[in-house]
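Numbering (this note's numbering), first residue to last: 363 to 781.
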């Protein structure tokens, strides 16, 4: 080895030793810095950070955390947490059971099934049960509406003794509304009722709307109840802009209640009732939508209409821009023949990330008061309607509409206005 080469070898060894010594010194400094790092307990975190963490958890985990300490329980009952949780929670199926569904559920309760996207199937996403002390006669209690996760129930065991109740399943709260006034009608006058439930963001008031339709002659009466104000129903006198016959359920969107009405001339309109102003309005249905489009609801906070009487195909129309009558678009045509399990009332729920449409099917037995709610997804690319077999909700009721409702559960409660 030449002298030049040997010198290079020696310099290399010296450099390696120096590098090793430097690495050892840096390693010691890192260990020292680790030893001096202070550990912060989760109980020392600011409240808004704890709320942020808890609001991202599934419902069952939130209720587990509520039992950890009083601080976490109080935080989950506060308005800041409720707002965060509601903004991040997925759409859910909420159903009411009177306790007579099976031997394993002796008391009345709500079931909430979160519809995550992508869908979490099987036993990893079981419906949560929330007990309630509501005690109504079996088979006569119906879920008629929802708003911000609170549910409006109607018990019609007797036409002369009808009860309306507002519930919040997550808060285990309920409030029985006073008996609505009875219109002065002739004996044996036929009448039917529709209920709506809405919220005014500007006043933070929750209101219940009751529409009473009578036959012979055809007439419509309107009553409004504001939760926490005066504890009485108020008669809305001017119903000239309202339809004679209501042919759909009543849904809440953009601070107003909406429904499809039929005039005496068979003209169909979408009518609405402004919750804050307590005024009626309407806009026409486009002529391109057939008269068999009687089903009405929301998909991703957009109005939709679809025909539910055809056994060959479903046509689903969507209003792209609220209030723009020209924005009705034929969004889905489901041509697959309907198999036996899919007969009944169908309700689109939401668009999934993969482009599929999540739907809910409600079928009521003709022999027994049992309504089965089944989930299915439709892929427009493959044109396949797929039944999600695990998620079947069974309710004891004669009404197909009232088996369950789709909404986002919320820790806000209309009953807070009663305090």
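We treat Cβ as the ideally placed atom computed from N, Cα and C, and that holds for glycine.
Task: Cross-strand partners of residue 769 (DSSP beta bridge) - done: Beta-bridge partners assigned by DSSP to residue 769: 454.
- [ ] Go ahead and pull the three-state DSSP assignment for residue 475.
- [x] Note: residue 475 maps to strand in three-state DSSP.
Open item on the list: When you compare the CB positions of residue 774 and residue 507, do they come within less than 7 angstroms of one another, or not?
Closed with: Cβ atoms of residue 774 and residue 507: not closer than 7 angstroms.
Open item on the list: Taking contact to mean 3 or more Cβ pairs, one atom from each stretch, closer than 8 angstroms, check whether the segment 558-567 and the segment 634-647 are in contact.
Closed with: Yes, the segment 558-567 is in contact with the segment 634-647.
Open item on the list: With the cut-off set at 7 angstroms, would you say residue 666 and residue 675 are in Cβ contact?
Closed with: A distance of 7 angstroms or more separates the beta carbons of residue 666 and residue 675.
Open item on the list: I'd like to confirm the pairing. Which residues does DSSP put opposite residue 695 in its beta bridges?
Closed with: Residue pairing by DSSP places residue 695 opposite 677 in a beta bridge.
TODO: Examine the Cβ distances between the segment 610-618 and the segment 576-591 and report whether three or more of them are shorter than 8 angstroms.
DONE: These segments do not touch.
TODO: Within 10 angstroms of the Cβ of residue 432, are there 16 or more other Cβ atoms? Answer buried if so, exposed if not.
DONE: Around the CB of residue 432, fewer than 16 other CB atoms lie within 10 Å, so the residue is classed as exposed.
Task: Three-state secondary structure assigned by DSSP to residue 759 - done: Confidence is the limiting factor: at residue 759 the pLDDT is only 48, short of 50, which leaves the residue's position unreliable and the question unanswerable from this model.
Open item on the list: Among 768, 778 and 776, whose alpha-carbon lies nearest the alpha-carbon of residue 783?
Closed with: In the structure displayed, the chain extends from 363 to 781; residue 783 sits before or after that span and is not available.
Open item on the list: Which of the three DSSP states is assigned to residue 655 in this structure?
Closed with: Here residue 655 sits in coil by DSSP.
Task: Burial state of residue 746 (16 or more Cβ within 10 Å) - done: Around the C-beta of residue 746, fewer than 16 other C-beta atoms lie within 10 Å, and the residue is accordingly described as exposed.
Open item on the list: Taking 7 angstroms as the threshold (C-beta atoms), are residue 739 and residue 711 in contact?
Closed with: With contacts defined as CB atoms closer than 7 angstroms, residue 711 and residue 739 fail to qualify as a contacting pair.
Task: Sequence-distant residues of its chain with Cβ nearer than 6 angstroms to residue 509 (five each side left out) - done: Cβ within range, chain order: 559, 560, 561 and 614.
TODO: Could you name the residues that DSSP lists as bridge partners for residue 585?
DONE: According to the DSSP secondary-structure assignment, residue 585 is paired through a beta bridge with 572 and 597.
Task: Residues bridged to residue 713 (per DSSP) - done: Within the DSSP bridge table, the entry for residue 713 names 719 as partners.
Open item on the list: Which complete beta strand (DSSP E) runs does the segment 612-647 hold, if anything under 3 residues is left out?
Closed with: Whole beta strand (DSSP E) segments, 3+ residues: 613-615, 618-624, 630-636 and 641-646.
- [ ] Give me the Cβ distance between residue 447 and residue 417, rounded to the nearest whole Å; I'm assuming they're in contact under 8 angstroms.
- [x] The C-beta separation of residue 447 from residue 417 comes to about 4 angstroms, placing the pair in contact by the 8 angstroms criterion.
Open item on the list: If the criterion is Cβ atoms closer than 7 angstroms, does the pair residue 649 and residue 633 meet it?
Closed with: Residue 649 places its beta carbon 7 angstroms or farther from that of residue 633.
Open item on the list: Just to check my reading of the structure: residue 589 and residue 776 have Cβ atoms closer than 8 angstroms, yes? What is that Cβ distance to the nearest angstrom?
Closed with: About 5 angstroms separates the CB atoms of residue 589 and residue 776; that is less than 8 angstroms, so the two are in contact.
- [ ] Quick one: give me the first and last residue of the alpha helix (DSSP H) that residue 433 is part of.
- [x] Residue 433 -> alpha helix (DSSP H) spans 432-438.
Task: Residues near residue 596 in its chain [Cβ-Cβ closer than 6 angstroms; skip 5 each side] - done: Contacts found: 586.
Task: Expected contact under 8 angstroms - CB spacing of residue 770 and residue 457 to nearest Å - done: Here residue 770 is actually not in contact with residue 457; their C-beta atoms are around 15 angstroms apart, not less than 8 angstroms.
Task: Option nearest residue 496 by Cα separation, candidates 511, 469 and 518 - done: Considering only alpha carbons, the answer is 469.
- [ ] Might you give, ordered along the chain, the residues of its own chain that have their beta carbon closer than 8 angstroms to the beta carbon of residue 435, omitting 5 neighbours on each side?
- [x] Result list for residue 435: 428 and 429, in chain order.
Task: Three-state secondary structure (DSSP) of residue 609 - done: In the three-state scheme derived from DSSP, where H, G and I count as helix and E and B as strand, residue 609 is classed as coil.
Task: Whole-Å CB distance - residue 714 paired with residue 480, under 8 angstroms assumed - done: About 7 angstroms; that satisfies the 8 angstroms criterion.
Task: Spatially closest choice to residue 696 from 687, 744 and 658, by CA coordinates - done: Checking every option, the nearest Cα to that of residue 696 belongs to 744.
TODO: Identify every residue that forms a DSSP beta bridge with residue 567.
DONE: In the DSSP output, where bridge partners are listed per residue, residue 567 has 562.
TODO: Identify the continuous beta strand (DSSP E) that holds residue 492 and give its terminal residues.
DONE: Taken as a continuous stretch (DSSP letters only), the beta strand (DSSP E) holding residue 492 covers 490-493.
Task: Sequence-distant residues of the same chain with beta carbon closer than 8 angstroms to residue 631, five excluded per side - done: Excluding positions up to five away in sequence, the list reads 605, 622, 623, 625, 644, 645, 646 and 647.
- [ ] Have a look at 766, 691 and 401 and flag the residue whose alpha-carbon is nearest the alpha-carbon of residue 725.
- [x] Comparing Cα positions, the closest option is 766.
Open item on the list: Does the beta-carbon of residue 647, which I'm using as the reference point, lie nearer than 6 angstroms to any heavy atom of the ligand GDP?
Closed with: Absence of the ligand GDP from the depicted structure is noted, as is the absence of any ligand whatsoever, leaving it without description.
Task: Same chain, Cβ closer than 6 angstroms to residue 570, neighbours up to 5 away in sequence not counted - done: Excluding five sequence positions before and after residue 570, the CB atoms of its chain that fall closer than 6 angstroms to its own CB belong to 559 and 587, given in chain order.
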